[in-house]
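Going down the list, the sequences are from chains A and B. Count the first sequence with our numbering and you get residues 1 to 344, in order. Count the second sequence with our numbering and you get residues 345 to 767, in order. Built from N, CA and C at the ideal position, the CB exists for glycine as well. Scroll down for the structure; my scribbles are underneath it.
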Amino acid sequence: MSSQNETQEYVGFDTITQQMERKFLKRGFNLNVILVGESGMGKSTLINSIFASHLVDSMGRRTAQEVIRKTTEITPVTQTLEEKGVHVRLTIIDTPGYGDQCNNEGCWVPVIKYIKDQHAAYLESELKPQRARVINDTRVHACLYFLNPGSRGLRPLDVEVLKRLTEVTNVIPVIAKSDSMTLEERTTFKRHVKEEMAFHRIVVYPYASEDDNDEDRMLNSSIKELVPFAVVGSEEVIDVDGTPVRGRRHGWGVINIFDEAHSDFVHLRNFLLRTHLSDLIEVTAQRHYEQFRTSQLRQIKEIRAQQAAAAAAAGGSMPGHQIQQSASQQMPTGPLPQQPMAQV
Amino acid sequence: MKSTSGNAGGVQKKKMNGYVGFSNYPNQVHRRSVKRGFSFTLMIVGESGIGKSTLINTLFDNKIFPDHEESPPSAEPVKGVDITSMSADIQESGVKLRLTVVDTPGFGDSINNEDAWQPILENIESRFDAYLAQENRVNRSKISDNRIDSVIYFIKPTGHCLRAIDIEFMKRLHTKVNLIPIIAKADTLTARELELFKAKILADINYHGIQIFKPVSDEFDDSETVTDNREILSKIPFAVVGSEKYVDREDGTSVRGRRYPWGIIEVENEQHNDFIKLRQMLLRTHMEELKDTTDMVLYENYRTQKLLSMGHVQDNNVFREFNPLVQLEEERRAHEAKMQKMEAEMSAVFQQKVQEKESKLKQSEEELYARHKEMKTVLEKQRSELDDKKKRAEASARPITPMEHHSAAPTTKSKKKNIFSGF
């Protein structure tokens with residue numbers, strides 16, 4: 001019911017954006033990205049290409065003597081990058097061992113657990129009576145899920161894992177080694193993947209929301225067209241007619257990863273970093289974290305109610321317990337119950 | 345021909361003075377085989393979408409496998425491994441080939457692929473069993489050979505070492521089939537990446553003791569074959585690209601290949617991939633060796649294991665050398681020994697019988713003697729009784745009537761007679 005009035009004089013509250021920018025420059029921000037895919041899909045190369053620096057080493061098996069990992073390991077690596085005065089604490093979480101065994105039942109469990117643990121850690125910090133001014137945000141903001149080029153669409157493992165991942169984080173499906181697919185094959189593959197995601201009700205990022213204006217909607221729909229992103233990554237700079245180009249040299253041609261005709265790399269990078277970066281962080285906080293928080297607190301309340309009922313049934317009102325009951329209106333402190341982890 | 349005429353083992357090497365003509369024998373074999381036609385059974389293993397059907401269609405320049413039909417998404421995930429086979433009769437320059445390709449859809453596609461190799465191994469062994477059963481038939485004129493001559497295993501182009509499923513599969517099958525691992529979708533890798541990848545794969549294969557099919561040259565091969573074999577060996581495992589479609593190159597020619605925004609990869613260009621080498625080894629030079637190894641080595645090993653496990657015992661006498669003179673001598677000796685043995689046996693039997701008879705006679709003699717003694721005692725007793733009676737009779741009645749005396753006497757007489765006449 002507020003009416004918009006254009007001010008006659010210049011007041012100056014539009015400088016808030018610059019004030020925020022300055023604050024941001026001072027504080028910097030956290031960005032946490034998890035990479036989920038079998039070994040040899042091109043995870044490390046892609047993330048190193050996106051951030052144009054060697055952030056992570058490939059965890060693939062390099063010699064015959066190396067033992068094949070029996071479980072999925074979670075290996076977070078944090079680095080600070082700086083661009084035009086803006087600092088980002090970038091954490092890349094690799095998942096070596098995922099999908100690499102003969103029997104891959106449950107290989108997603110450590111991944112889901114890690115993501116939920118970060119939400120839990122944040123919740124714990126929030127619930128402390130004395131909170132830090134800025135809580136260190138380790139929540140996973142984006143999950144790059146690597147699909148297998150050539151399969152007719154989603155594999156059974158992909159379906160199982162995507163269903164679970166999309167419930168806890170923003171999932172962005174990519175095909176990293178798409179230089180084995182002709183343009184025609186890519187289109188067919190993307191169509192199959194979209195059909196199967198619709199069938200299995202898998203919802204990937206970006207999500208539609210009511211605050212979107214026309215511009216947002218157009219951008220989102222163009223992004224959705226491209227999903228899954230068919231990209232080619234490279235850390236190597238090769239010489240193409242005198243110009244240095246980041247790409248791959250084959251006997252039959254040279255791939256330039258920044259060429260939009262060759263791959264969706266530029267679109268992915270812009271989407272990730274230039275247009276939707278803050279949205280990713282916000283959506284993580286507002287949607288996934290809130291969901292987690294609600295379910296957690298509801299569970300705690302239930303447990304307390306059960307305990308109270310049990311104590312009352314046992315007979316005798318204990319003063320300490322009564323205090324506890326009234327205090328249940330405030331949020332409890334201490335370690336949170338681990339039950340939610342079981343429902344993976 | 346060598347001119348030495350040594351007597352090693354009794355076989356002499358002779359030199360010929362003119363052309364006889366038995367060197368034409370291989371041609372006769374060739375003509376007969378061409379008339380009969382050949383069969384070749386190939387199995388392809390790899391996860392779905394890796395390019396199996398395309399490669400087969402490319403290798404034989406024939407649409408052996410039709411295009412995969414588009415199926416709508418379903419809630420049912422693929423379960424287990426299927427074994428399907430396609431046969432085609434193809435002909436080239438008058439040579440007929442019955443080609444059978446066995447596909448294994450579903451391999452490696454499930455979440456749990458621990459036992460994905462099992463149905464495949466069972467299929468291979470059941471083909472061996474079928475052949476074994478046919479060999480043991482009474483009428484063996486028509487034996488159909490369904491044994492797998494080679495398995496082409498498709499490796500994903502990851503660039504890292506082999507995956508768990510690759511190692512598991514190859515370890516389970518390498519002693520039962522000719523294993524030919526290939527790198528699928530080779531257009532993903534640059535030349536340098538490919539070099540490193542091949543080295544890693546070979547290292548992994550050696551580390552796990554996996555035997556793969558390799559062309560080997562022996563002393564009978566000419567230098568050209570030796571070089572060819574060495575070249576083929578240097579490219580193993582082959583990195584291949586398949587395509588059924590023809591694309592136009594810049595110079596206007598049409599070749600089988602794949603068109604990318606950055607260029608065209610040609611299937612039959614040796615600079616681009618190893619397809620030519622694979623085709624050469626599989627079809628042009630080593631098809632016979634693959635079939636031979638399957639028959640002489642892999643099948644025989646399987647057969648031996650199977651028969652031993654069923655309880656057969658090896659009789660090594662069949663391996664001794666056959667020499668007719670020695671054989672006759674042996675036979676004569678054996679015969680003589682046999683006769684002697686029979687003689688000894690018979691005399692032993694004779695002795696035994698004689699002894700038996702003797703003891704029998706002795707026994708009856710003794711019996712009779714005992715009887716005689718017995719009878720004698722009885723007779724004595726009777727005599728003494730009679731004497732007693734006589735004495736009493738004489739004592740009691742002095743005036744004996746002549747009739748009584750007379751009647752008494754003949755009875756004793758007849759009695760006496762009776763007793764002694766019996767003897």
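Environment of residue i [buried if 16+ CB atoms lie within 10 Å]
{"i": "residue 323(A)", "result": "With a pLDDT of only 44 at residue 323(A), under 50, the local geometry of the prediction cannot be trusted, and the value read off the model is given with reservation. Classification of residue 323(A): exposed, given that the 10 Å Cβ count is below 16."}
{"i": "residue 690(B)", "result": "exposed"}
{"i": "residue 303(A)", "result": "exposed"}
{"i": "residue 63(A)", "result": "exposed"}
{"i": "residue 587(B)", "result": "buried"}
{"i": "residue 656(B)", "result": "exposed"}
{"i": "residue 193(A)", "result": "buried"}
{"i": "residue 231(A)", "result": "buried"}
{"i": "residue 592(B)", "result": "exposed"}
{"i": "residue 454(B)", "result": "buried"}
{"i": "residue 280(A)", "result": "buried"}
{"i": "residue 504(B)", "result": "buried"}
{"i": "residue 528(B)", "result": "buried"}
{"i": "residue 358(B)", "result": "exposed"}
{"i": "residue 95(A)", "result": "buried"}
Neighbour list for residue i in chain B, Cβ cutoff strictly below 9 Å
{"i": "residue 44(A)", "result": "The contacting residues do not exist; residue 44(A) stays about 11 Å from chain B at best."}
Proximal chain A residues relative to residue i, where beta-carbon distance stays under 8 Å
{"i": "residue 458(B)", "result": "102 and 103"}
{"i": "residue 674(B)", "result": "Correct list: empty, because the minimum Cβ distance to chain A is about 58 Å."}
Reduced DSSP secondary structure (H/G/I, E/B, other) of residue i
{"i": "residue 518(B)", "result": "coil"}
{"i": "residue 726(B)", "result": "helix"}
{"i": "residue 8(A)", "result": "coil"}
{"i": "residue 420(B)", "result": "coil"}
{"i": "residue 81(A)", "result": "strand"}
{"i": "residue 229(A)", "result": "strand"}
{"i": "residue 323(A)", "result": "Confidence at residue 323(A) is low in this model, with a pLDDT of 44, below 50, so the placement of that residue should be treated as unreliable; the coordinate-derived value is given next. The answer is helix: DSSP assigns residue 323(A) an H, G or I state."}
{"i": "residue 598(B)", "result": "strand"}
{"i": "residue 266(A)", "result": "helix"}
{"i": "residue 31(A)", "result": "strand"}
{"i": "residue 482(B)", "result": "coil"}
{"i": "residue 139(A)", "result": "coil"}
{"i": "residue 591(B)", "result": "strand"}
{"i": "residue 492(B)", "result": "coil"}
Endpoints, the alpha helix (DSSP H) within which residue i is located
{"i": "residue 110(A)", "result": "109-127"}
{"i": "residue 46(A)", "result": "43-50"}
{"i": "residue 301(A)", "result": "290-314"}
{"i": "residue 164(A)", "result": "156-168"}
{"i": "residue 17(A)", "result": "16-27"}
{"i": "residue 394(B)", "result": "Where residue 394(B) is concerned, there is no enclosing alpha helix (DSSP H), given that its DSSP letter is neither H nor E."}
{"i": "residue 331(B)", "result": "Since the first and last residues shown for chain B are 345 and 767, residue 331(B) lies out of range."}
{"i": "residue 212(A)", "result": "Run containing residue 212(A): none; DSSP gives neither H nor E here."}
Amino acids of chain A, ordered along the chain, whose beta-carbon sits closer than 7 Å to that of residue i
{"i": "residue 608(B)", "result": "252"}
{"i": "residue 454(B)", "result": "156"}
{"i": "residue 616(B)", "result": "251 and 252"}
{"i": "residue 336(B)", "result": "The requested residue 336(B) is not part of the displayed model; chain B covers only 345 to 767."}
{"i": "residue 602(B)", "result": "182"}
First through last residue of the beta strand (DSSP E) which encompasses residue i
{"i": "residue 389(B)", "result": "382-389"}
{"i": "residue 431(B)", "result": "428-436"}
{"i": "residue 201(A)", "result": "Per DSSP, residue 201(A) belongs to no beta strand (DSSP E) and is neither H nor E."}
{"i": "residue 104(A)", "result": "Where residue 104(A) is concerned, there is no enclosing beta strand (DSSP E), given that its DSSP letter is neither H nor E."}
{"i": "residue 256(A)", "result": "253-256"}
{"i": "residue 244(A)", "result": "243-250"}
{"i": "residue 444(B)", "result": "439-447"}
{"i": "residue 146(A)", "result": "142-146"}
Partners in chain B for residue i, counting only beta-carbon separations shorter than 7 Å
{"i": "residue 68(A)", "result": "508"}
{"i": "residue 39(A)", "result": "502 and 504"}
{"i": "residue 64(A)", "result": "505, 547, 548 and 551"}
{"i": "residue 177(A)", "result": "532"}
{"i": "residue 255(A)", "result": "606"}
{"i": "residue 151(A)", "result": "392 and 393"}
{"i": "residue 61(A)", "result": "504 and 505"}
{"i": "residue 262(A)", "result": "605 and 606"}
Interface residues of chain B facing residue i [CB-CB closer than 8 Å]
{"i": "residue 54(A)", "result": "Residues of chain B passing the Cβ test: none, with the nearest at roughly 17 Å."}
{"i": "residue 180(A)", "result": "501, 529, 531 and 532"}
Notebook entry, point to check: If you scan the region 607-656 of chain B from start to end, which runs of the beta strand (DSSP E) of 3 or more residues do you find wholly inside it?
Noted result: 607-610
Item checked: Entirely enclosed beta strand (DSSP E) segments - the region 499-561 of chain B, minimum 3 residues -> 523-527
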